[in-house]
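Numbering (the UniProt record's numbering), first residue to last: 1 to 146. Scroll down for the structure; my scribbles are underneath it.
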């Protein structure tokens, strides 16, 4: 379930509580809070803190997880490249984050000419079949860069 606001969170809490057969008082006791507080949370009239969210989820035996909204955003988003470049300590991360070209002031077409590529050669990018992130950085095994 995607939680986008306090109302949606309240519905999740109320639904799980009902699923367990608990009253608001039961949940309040398990979360060490008041019944009125639980009522406010379930009605979406409270903007809970992270510690509150974790207390409620723990009491209801629920886990909190975060993931990219879509697989495509995760693989193709500039955020992945920026994160990889930042981890390597490369100065290119700043260039990418600023929206500049990773190739400097020259365009990619200036660097590679179609005639220079072998028929089986590919430009760098994530291999859709296996999602190998190393392809993004052009670190193909057994190949040397030109």
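Heads up, the beta-carbon is just placed ideally off N, CA and C, and yes, glycines get one too.
Would DSSP call residue i helix, strand or coil?
i, result
"residue 22", "coil"
"residue 69", "coil"
"residue 60", "coil"
"residue 31", "helix"
"residue 46", "coil"
"residue 3", "coil"
"residue 106", "A caution first: residue 106 carries a pLDDT of 42, below 50, which makes its placement in the model unreliable, though a value can still be read off. Of the three classes helix, strand and coil, the one that applies to residue 106 here is coil, per DSSP."
How many whole angstroms separate the CB atoms of residue i and residue j, which I take to be in contact at a CB cut-off of 8 Å?
i, j, result
"residue 56", "residue 3", "That belief does not hold up - the Cβ atoms of residue 56 and residue 3 are roughly 12 Å apart, past 8 Å."
"residue 16", "residue 50", "Going by Cβ atoms, the distance from residue 16 to residue 50 rounds to 18 Å, so no, they are not a contact pair."
"residue 59", "residue 27", "6 Å"
"residue 24", "residue 46", "Going by Cβ atoms, the distance from residue 24 to residue 46 rounds to 13 Å, so no, they are not a contact pair."
Does residue i pass the burial test, meaning 16 or more other C-beta atoms within 10 Å, or should it be called exposed?
i, result
"residue 154", "There is simply no residue 154 to check, as the chain begins at 1 and stops at 146 in what is shown."
"residue 19", "exposed"
"residue 64", "exposed"
"residue 31", "buried"
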